[in-house]
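Chemist: Chains as they are written, first to last, in the UniProt record's numbering: chain A, 1 to 278; chain B, 1 to 361; chain C, 1 to 251.
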Amino acid sequence: MEQGYNFAYLDEATKRMIRRAILKAVAIPGHQIPFGAREMPLPYGWGTGGIQVTASIIGPNDTLKVIDQGADDTTNAISIRRFFARVAGVATTEHTAEASIIQTRHRIPERALREDQILVYQVPMPEPLFRLEPRVAETRRMHALAEYGLMQVRLYEDIARLGRIGTAYNYPVMVNARYLMSPSPIPAFDNPKMDRMPALQLFGAGREKRIYAVPPYTPVKSLDFDDHPFRAIRAPHACTLCGSTSSYLDEVVTDDRGGRVFVCSDTDYCQSRREKAA
Amino acid sequence: MYVAVKGGEAAIDAAHGWLAAERRGDPALPELTLDQIAQQMTLAVDRVMAEGSCYDRGLAALALKQARGDAIEAAFLLRAYRTTLARFGAAEPLDTGGMRIARRISATYKDLPGGQVLGPTFDYTHRLLDFALAAEGAPPATVPEREADTAVVPRVAELLAREGLMQREPQGEAEPTDLTRDPLTFPADRSARLQNLARGDEGFLLGLGYSTQRGYGNAHPFVGEIRQGRVTVEFTPPELGFPIAIGEIDVTECQMVNQFKGSLTEPPQFTRGYGLVFGHGERKAMAMALVDRALRAEELGEEVTAPAQDAEFVLYHSDNVEATGFVEHLKLPHYVDFQSELENIRAMRADAMGALKQAAE
Amino acid sequence: MTPLLEASGLSLRFGAIRALDDVAIDVWPGEVLAIVGESGSGKSTLLRVLSGQQAAEAGTVRYDGADIRSLSEAALRRLSRSDWGFVHQNPRDGLRMAISAGGNIGERLMANGARHYGDIRAEALAWLSRVEIDPARIDALPRTFSGGMQQRLQIARTLVTRPRLVFMDEPTGGLDVSVQAKLLDMLRGLVRDLGLSVVIVTHDIAAARLLAHRIVVMRHGRVVEEGLTDRVLDDPQHPYTQLLVSSVLAA
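Here it is in structure tokens:
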């Protein structure tokens, strides 16, 4: 473990401050809590919010899994996993089932999470309304008054123009029928997994200095219309490696003549299916 | 069969090794020492201290060396170090009136008590490359020793205020906001705004300040005074209950004098825009003062029309460490999201092609 | 019967200027009330105070018996997007210019909880016909519309939730005379068919005569005369009203 730094990098007073923000966030599902995000040794926008949340909840007995794009071996996931191995000396794993804390960027693991697990999302932009209203003071008022008609208008415009809702990722959700929330840039495919998930879901946005949460078993509904219901989109193929027809797939271009294969984005899920089959 | 790229761990290690070699450059040449950087790249060091918001020349020089001279990367390094340090409290307000002055100029008065002191400035140099500097070992130019000026040099803003022509700033007893501890909220008070600007990117503030002069925001600024020099930092330890001097720092202060037409409750008078930065950062201090004044538009009852007057716009985008992180995060993998977009656009194209075909039939 | 909107003792100063000086006003269900006066008479300020967008220094505004200042911001905003409507002089202030005509009409429905795309669209189509805009333009952006069409779109967007009370600020102000006449005619039909209560601010006496049941004349922040439209316009009592009426006759 790295000498000269406190366990998990942050000092205890900072961790307490962040845990207070987390408790508040859990008490008001989907509501963004401002917090005194610290300067981290990793760049803003690269997971500083998720790292601070993880750092303030992690203990020596935890087992950490870090994924980016669903994969454990992407460079940023490796960098963050190494960071915690270095400053907290905790056990790390690539297996979803073995992890007590999973920090993620852009995916929810395919394997269903349990009550004794916490999913920590890295969030680049916590405000779901920012493209419609860039002023933070105004969006806070809209949340306070639950004025979300404008977001629905955006979906209406999509259907009118494109025949379908054009949002494929970072698809807005209503949490506990009260707060409009950004699920972070996960594919819309993952949205249904958030609904009544047994695991606690925590969201950290370092640059924007906000924390929010979805407590276990909380209803999370993707915005839609009664006659244009939300649809989870995935590539209509089977995984070339494990044959899964239900997991979210990455498209891998194999040559410059249109050749491509589709493989599971969740590397641990794919690997364990292959091991089982073998 | 082609499988998605693996081996990220090895790639990261190799990349960092390469970076270290690039930083060192040709090993046949002597390595830069921190003293050389601190002594000869003083303005780069000053900028890193200002934007890294940590006054330590040695650490700033180290950050510059490690960052291969990239000022923003160096500020980032310094900030990430700073955040691990214990915070003891807020210092007493700096008394820039008692500054040991190296430079002091006013554009509003030809002469004034304390005089105009040009100091070490690029102003009035002809920007001709000095090839003598390319020859190594040139003897250092001798500097005439200036007698230490112990006289208190009154501030121009104070001269105006005594006449009632300059709006007095309220004396705040409360400890100023610290944005490194508490998140920015709106409306942001002046102390939060000034801290944000003092830490802000020089280029961003320069552009915004410039825009106020070109009609984006109704500015009529005069440089009341710029002063540069050394001030004493005082701190009151709770166990003592009285302030003690804990050190000296170099700062640059700029007070811009701006017209104000008055309101129902206040007669016409001058108002000030304020800039203060670590080290010698005259350009930044001036830009900061312009932007500070522009951000006061709302409280002074002026119409808010220009980007520099929009507090949310300015304060949320001034921090170059935040900005560089978020801009550069675009190079992280986004292929999961992109895959969703791919499927979505394929489906929409299929719908549209179907409709076109139907229309053609 | 009780008034839908009751205001009394309204006063507001901007520095030395009295924008409102002890103004009292009632609006009855189904009634169109015109507030007339020159610019600077305080009529637009009155409209903002009545619609809760600005607070008066003194006096009360009651809607349906409740003091609107006692409502929470949430309740007032809910009222503003359901029971009330506001038609701005410049349609750009009342429309979302980057959103289609259909989206503009549908916004209030969606803000009030409508979640059926087909129903929202059907309602938008019906309203476009009603305000005489070609329903084929439903997906067009308002900026491709003429000024008169934009104003009619704003009216459709406002009336779609069937408000009980509509505030209108010089709704024909920026339009050509021929377009004005058509719009006034359409407004008169809508007000009658929907049984709306309307408070309309205008400096156009002809518009007031065509639409209003009752007229309030304002000058220097005070109500100088009020009464039934025909009575006020045909037999003005106050010298200022006489001047207003004669100047329109002269023009």
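Virtual Cβ for every residue (Gly too), placed ideally from N, Cα, C.
Just to confirm the assignment: which complete alpha helix (DSSP H) runs, minimum length 4, are found wholly within the region 36-85 of chain A?
Modeler: Qualifying alpha helix (DSSP H) stretches, in chain order: 48-57.
Chemist: Going by other Cβ atoms of all chains shown within 10 Å of its Cβ, with 16 needed for buried, is residue 246 (chain B) buried or exposed?
Modeler: In the second sequence, counting from the first residue as 1, residue 246 (chain B) sits at position 246. Exposed, since its Cβ has fewer than 16 Cβ neighbours within 10 Å.
Chemist: I'd like to know whether the C-beta of residue 182 (chain A) is nearer than 8 Å to at least one C-beta of chain B.
Modeler: On the first sequence, residue 182 (chain A) is found 182 positions in, with the first residue counted as 1. By this cut-off, residue 182 (chain A) is not an interface position.
Chemist: Name the DSSP bridge partner or partners of residue 282 (chain A)?
Modeler: Nothing can be reported for residue 282 (chain A): it is not among the residues displayed for chain A, which extend from 1 to 278.
Chemist: Does residue 191 (chain A) get closer than 8 Å to chain B when you measure Cβ to Cβ?
Modeler: Numbered from 1 along the first sequence, position 191 holds the residue referred to as residue 191 (chain A). Chain B contact via Cβ: absent.
Chemist: Which one or two residues does DSSP pair with residue 250 (chain A) in a beta bridge?
Modeler: Numbered from its first residue, the first sequence carries residue 250 (chain A) at position 250. Paired residue(s): A:263.
Chemist: From residue 157 (chain A) to residue 69 (chain C), what does the alpha carbon distance come to, in whole angstroms?
Modeler: In the first sequence, counting from the first residue as 1, residue 157 (chain A) sits at position 157. In the third sequence, counting from the first residue as 1, residue 69 (chain C) sits at position 69. Straight-line Cα distance between these residues: approximately 36 Å.
Chemist: Whether or not the region 241-255 of chain B and the region 273-289 of chain B are in contact is what I'm after, with contact meaning three or more pairs of Cβ atoms, one per stretch, closer than 8 Å; do they touch?
Modeler: Enough Cβ pairs lie closer than 8 Å, so yes.
Chemist: Is it buried or exposed for residue 345 (chain B), if we count other Cβ within 10 angstroms and need 16 for buried?
Modeler: The sequence position of residue 345 (chain B) within the second sequence is 345, counting from 1. Classification of residue 345 (chain B): exposed, given that the 10 Å Cβ count is below 16.
Chemist: Checking contacts by CB at 8 Å: is residue 73 (chain A) closer than that to chain B?
Modeler: The residue you call residue 73 (chain A) lines up with position 73 of the first sequence. It does; some Cβ of chain B falls within 8 Å.
Chemist: Name the DSSP beta bridge partners of residue 221 (chain A), please?
Modeler: Here residue 221 (chain A) is taken as the residue at index 221 of the first sequence, counted from 1. A:174.
Chemist: Residues of chain C with CB closer than 7 Å to the CB of residue 138 (chain A), please, in chain order.
Modeler: As a first step, residue 138 (chain A) must be located in the first sequence, where it is residue number 138. Those within 7 Å of residue 138 (chain A) in chain C number zero; the least Cβ separation is about 12 Å.
Chemist: Could you tell me which residues DSSP puts in a beta bridge with residue 179 (chain A)?
Modeler: The sequence position of residue 179 (chain A) within the first sequence is 179, counting from 1. Partner(s): A:175.
Chemist: Go ahead and pull the three-state DSSP assignment for residue 132 (chain C).
Modeler: Residue numbering aside, residue 132 (chain C) sits at position 132 when the third sequence is read from its first letter. In the structure shown, residue 132 (chain C) sits in coil (DSSP, three-state: anything other than H, G, I, E or B).
Chemist: Starting from the N-terminal side, write out each stretch of the alpha helix (DSSP H) that is 4 residues or longer and does not extend beyond the region 93-120 of chain C.
Modeler: Complete alpha helix (DSSP H) runs here, min 4: 101-111.
Chemist: To the nearest angstrom, report how far apart residue 77 (chain B) and residue 126 (chain A) are at their CA atoms.
Modeler: The sequence position of residue 77 (chain B) within the second sequence is 77, counting from 1. The sequence position of residue 126 (chain A) within the first sequence is 126, counting from 1. Residue 77 (chain B) and residue 126 (chain A): Cα-Cα distance of roughly 26 Å.
Chemist: Measure from the alpha carbon of residue 49 (chain C) to the alpha carbon of each residue in C:142, C:39, C:78, C:13, then state which is nearest.
Modeler: Taking the first residue of the third sequence as 1, we reach residue 49 (chain C) at position 49. Out of C:142, C:39, C:78, C:13, C:13 has the C-alpha closest to the C-alpha of residue 49 (chain C).
Chemist: Is there contact here, the region 45-57 of chain A with the region 111-126 of chain A, by at least three beta-carbon pairs under 8 Å?
Modeler: Output reads yes: the region 111-126 of chain A touches the region 45-57 of chain A.
Chemist: Counting Cβ pairs, one atom from each stretch, are 3 or more of them under 8 Å apart for the region 22-41 of chain A and the region 55-72 of chain B?
Modeler: In short, these stretches do not touch, since the Cβ pair count stays below three.
Chemist: Using a Cβ-Cβ cut-off of less than 7 Å, give me the residues of the region 17-30 of chain A that come near chain B, in sequence order.
Modeler: The residues in question: there are none.
Chemist: With 8 Å as the threshold, decide whether the Cβ of residue 190 (chain B) is near any Cβ in chain A.
Modeler: Within the second sequence, the letter at position 190 stands for residue 190 (chain B). So, not an interface residue.
Chemist: Do residue 232 (chain C) and residue 223 (chain C) have their beta-carbon atoms positioned less than 8 Å apart in this structure?
Modeler: One-based indexing of the third sequence puts residue 223 (chain C) at position 223. One-based indexing of the third sequence puts residue 232 (chain C) at position 232. Against a cut-off of 8 Å, the Cβ pair of residue 232 (chain C) and residue 223 (chain C) comes out as no contact.
Chemist: Give me the residue from A:242, A:267, A:184 with the minimum Cα distance to residue 278 (chain A).
Modeler: What you label residue 278 (chain A) is simply residue 278 of the first sequence in a count that begins at 1. The option with the nearest alpha carbon to residue 278 (chain A) is A:242.
Chemist: Exposed or buried, residue 130 (chain B), counting other C-beta atoms within 10 Å across all chains shown (16 or more means buried)?
Modeler: The sequence position of residue 130 (chain B) within the second sequence is 130, counting from 1. Exposed, because fewer than 16 other Cβ atoms sit within 10 Å of the Cβ of residue 130 (chain B).
Chemist: Below 7 Å between beta carbons is the criterion; list the residues of the region 77-99 of chain C that meet it against any residue of chain A, in chain order.
Modeler: Result list: 77, 99.
Chemist: Which residues in chain A have a C-beta closer than 9 Å to the C-beta of residue 16 (chain B)? List them in chain order.
Modeler: The residue labelled residue 16 (chain B) in the question sits at position 16 within the second sequence. What residue 16 (chain B) touches in chain A: nothing, since even the nearest Cβ is about 10 Å away.
Chemist: If we define contact as Cβ-Cβ less than 8 Å, is residue 1 (chain C) a contact residue for chain A?
Modeler: Here residue 1 (chain C) is taken as the residue at index 1 of the third sequence, counted from 1. It does not; no Cβ of chain A falls within 8 Å.
Chemist: Under the assumption that residue 120 (chain A) contacts residue 54 (chain A) (Cβ atoms under 8 Å), give the Cβ distance between them as a whole number of angstroms.
Modeler: As a working mapping, residue 120 (chain A) is identified with position 120 in the first sequence. As a working mapping, residue 54 (chain A) is identified with position 54 in the first sequence. Their Cβ separation, rounded to whole angstroms, is 5 Å, which keeps residue 120 (chain A) and residue 54 (chain A) in contact under 8 Å.
Chemist: DSSP on residue 1 (chain B), reduced to helix/strand/coil?
Modeler: Numbered from its first residue, the second sequence carries residue 1 (chain B) at position 1. Note on residue 1 (chain B): pLDDT 37, under 50, position unreliable in the model; the coordinate value appears next. Coil.
Chemist: So residue 76 (chain A) contacts chain B; which residues on that side make the cut at Cβ distance below 8 Å?
Modeler: Within the first sequence, residue 76 (chain A) is the residue found at index 76, counting from 1. Going along chain B in sequence order, the residues near residue 76 (chain A) (Cβ under 8 Å) are 332, 333.
Chemist: Skipping 5 residues on each side, what residues in its chain have a beta carbon closer than 7 Å to that of residue 169 (chain A)?
Modeler: Walking along the first sequence from the start, residue 169 (chain A) turns up at place 169. Contacts found: 185, 186, 187, 188.
Chemist: Given 8 Å as the limit, is there contact between the region 199-211 of chain C and the region 22-33 of chain C, that is, 3 or more CB pairs closer than that?
Modeler: A contact exists between the region 199-211 of chain C and the region 22-33 of chain C.
Chemist: Under the DSSP definition of a beta bridge, which residues are partnered with residue 167 (chain C)?
Modeler: Against the third sequence, residue 167 (chain C) aligns to sequence position 167. C:86, C:199, per the DSSP bridge assignment.
Chemist: Pick out whichever of B:56, B:292, B:301 has its Cα sitting closest to the Cα of residue 268 (chain B).
Modeler: Locating residue 268 (chain B) in the second sequence gives position 268, where the first residue counts as 1. The shortest Cα separation from residue 268 (chain B) among B:56, B:292, B:301 belongs to B:301.
Chemist: Specify, as a first and last residue, the run of the alpha helix (DSSP H) that residue 44 (chain C) falls within.
Modeler: One-based indexing of the third sequence puts residue 44 (chain C) at position 44. From DSSP, the alpha helix (DSSP H) with residue 44 (chain C) extends over 43-50.
Chemist: Under 8 Å, do residue 71 (chain A) and residue 77 (chain A) count as touching if we go by C-beta distance?
Modeler: Taking the first sequence and counting its residues from 1, one reaches residue 71 (chain A) at position 71. Taking the first sequence and counting its residues from 1, one reaches residue 77 (chain A) at position 77. In this structure, residue 77 (chain A) lies closer than 8 Å to residue 71 (chain A) by Cβ.
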